[in-house]
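Everything on this sheet refers to the single structure shown next.
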Amino acid sequence: MSNYTMAQIVSLTGIKSHTLRKWESRYNFLVPLRTDTNIRYYTDEQLKKLLNISILTRNGFRISKIDKMSEEEIHEAVSKIVLIGSSEDEVSALILSMINLNEDEFDATISAEILRTGLTSTITGLIYPFLAQVGVLWGANKVMPAQEHFISNLIRQKIFSAIELLPKPLPNAAKAILFLPENENHEIGLLLASYIAQNIGWRVYYLGQNVPNENIKMVVDITNPNVLVTMFTTHSKKSVESRLKGLTDELDIPIIVSGYIEHPEDLKSISENIHFLNKPDEFIPLLKTIETKLHSVLN
Numbered sequence: 001m002s003n004y005t006m007a008q009i010v011s012l013t014g015i016k017s018h019t020l021r022k023w024e025s026r027y028n029f030l031v032p033l034r035t036d037t038n039i040r041y042y043t044d045e046q047l048k049k050l051l052n053i054s055i056l057t058r059n060g061f062r063i064s065k066i067d068k069m070s071e072e073e074i075h076e077a078v079s080k081i082v083l084i085g086s087s088e089d090e091v092s093a094l095i096l097s098m099i100n101l102n103e104d105e106f107d108a109t110i111s112a113e114i115l116r117t118g119l120t121s122t123i124t125g126l127i128y129p130f131l132a133q134v135g136v137l138w139g140a141n142k143v144m145p146a147q148e149h150f151i152s153n154l155i156r157q158k159i160f161s162a163i164e165l166l167p168k169p170l171p172n173a174a175k176a177i178l179f180l181p182e183n184e185n186h187e188i189g190l191l192l193a194s195y196i197a198q199n200i201g202w203r204v205y206y207l208g209q210n211v212p213n214e215n216i217k218m219v220v221d222i223t224n225p226n227v228l229v230t231m232f233t234t235h236s237k238k239s240v241e242s243r244l245k246g247l248t249d250e251l252d253i254p255i256i257v258s259g260y261i262e263h264p265e266d267l268k269s270i271s272e273n274i275h276f277l278n279k280p281d282e283f284i285p286l287l288k289t290i291e292t293k294l295h296s297v298l299n
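For the sequence shown, position 154 (counting from the first letter as 1) is numbered 154 according to this note's numbering, and the numbering increases by one without interruption.
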């Protein structure tokens with residue numbers, strides 16, 4: 001069983017800390033535990049209940065009514081909302097499936113969204129925000145490792161299956177190398193990028209985790225790519241800049257960078273070839289811009 005600080009509860013549920021304190025004083029459903037120094041913390045069961053309550057309150061249920069509902073009534077109401085609910089509700093549902101290690105709930109939420117919006121929109125509009133919220137992308141330790149591994153592996157399976165269904169790129173397709181630098185192991189974001197690039201026709205050379213700069217340069221010599229794509233989540237600003245400079249000093253190729261980086265606007269001072277992505281929906285327009293420039297040069 002995991003324990004969660006108030007800050008983690010706020011991040012995972014979207015419920016403000018002052019609201020939690022108010023509910024604690026007025027209702028019986030929320031009684032947090034306390035450390036020896038009187039600091040609040042919450043159990044898995046309390047987090048699950050608060051996630052359900054956050055879904056209900058976003059959809060018009062008054063907290064005074066929720067306080068009188070049974071667990072069965074809450075679960076039934078939440079299940080109906082998630083089937084037709086907002087992306088925020090679906091993110092909460094995915095968090096619940098992760099905490100419960102419930103693959104069926106995860107599949108039901110993802111499948112319903114794919115039917116509504118398609119796979120690409122599901123990946124960029126639901127899975128990516130979910131991973132960012134629970135800290136899986138950035139290594140923020142908001143969930144225990146077993147939960148992270150469980151949900152990460154389910155998402156990997158979905159993405160690999162989706163990639164297998166994509167048509168093969170054309171012989172003259174633009175080419176991208178996707179990799180994580182040394183000591184980077186959170187690859188879900190990179191897998192999402194791989195699917196997105198291949199879905200719009202790019203040829204992708206996916207190198208995965210923990211790749212030294214020397215290997216990147218070797219693969220560039222062999223494949224002659226049009227862009228490099230990488231992500232940072234655990235490196236310091238100095239380390240990120242050093243690794244990118246090591247690439248840009250020897251390679252005249254656009255580098256798309258994403259992840260948790262302090263002051264990403266400073267990356268342009270290293271090289272004009274570096275493009276930082278703040279969010280996944282910036283990725284396709286940037287790839288299309290690079291592709292357009294490539295075609296104009298060839299023509």
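Note that CB positions come from ideal geometry on N, CA and C, so glycine has one too. Just so we're clear, the structure is a prediction, and the values are computed from it rather than from any experiment.
For G118 and S97, I'd like the C-alpha separation in whole angstroms. 21 angstroms
Would P212 and E182 be called neighbours here (beta carbons separated by less than 8 angstroms)? Yes.
Where F276 sits in the DSSP three-state scheme: strand
Are the CB atoms of I163 and I284 nearer to each other than 8 angstroms? no
Residue(s) in a DSSP beta bridge with F232: G259
According to DSSP, T5 sits in a beta bridge with which residue or residues? Y41
Between L286, K245 and L244, which has its C-alpha nearest I200's C-alpha? L286
Using the Cα positions of L50 and I9, report the straight-line distance between them to the nearest angstrom. 8 angstroms
Beta carbon of V78 nearer than 8 angstroms to that of L56: yes
How about V219 and I256: do their beta carbons lie closer than 8 angstroms? no
Evaluate contact between the segment 169-179 and the segment 119-136, counting only Cβ atoms and requiring at least three cross-stretch pairs below 8 angstroms. no
What would DSSP say about L30, mapped onto helix, strand or coil? coil
Whole-angstrom C-beta distance between I15 and S54, which should lie under 8 angstroms: 5 angstroms
Could you check which residue in S86, S92 and Y27 has the C-alpha nearest to that of K68? Y27
Length of the line joining the Cα atoms of R62 and E214: 59 angstroms
Do V82 and T109 have their C-beta atoms closer together than 8 angstroms? yes
Which full runs of the alpha helix (DSSP H) of 4+ residues lie inside the segment 77-119, going along the chain? 87-99 and 103-117
By alpha-carbon positions, which one of T37, F276, R203 and M6 ends up nearest to F232? F276
Straight-line Cα distance separating P171 from L154: 32 angstroms
Under the three-state reduction of DSSP, which class applies to K49: helix, strand or coil? helix
Cβ shell of L101 (< 6 angstroms), same chain only, five flanking positions each side left out: F150
Where DSSP assigns a beta bridge to V211, which residues make up the other side? P181
With a CB to CB cut of under 6 angstroms and the five nearest residues on each side skipped, what residues in its chain are close to P264? F276
Closest to I274 by C-alpha separation, out of D252, E262 and H295, would be which residue? The shortest C-alpha separation from I274 is found at D252.
Among Q46, P280, T5 and S17, the one whose alpha carbon lies nearest that of R40: T5
Which residue's Cα is closest to the Cα of F29: A132, I74 and E282? I74
In the structure shown, what three-state DSSP assignment does R21 receive? helix
Just to confirm my understanding: we take N185, look at its own chain, exclude 5 residues before and 5 after, and list those with CB closer than 7 angstroms. What are they? Q209 and N210
Return the first residue and the last residue of the alpha helix (DSSP H) that K237 is part of. K237 to T248
Looking only at C-alpha atoms, which of I270, P169 and L166 sits nearest to K238? I270
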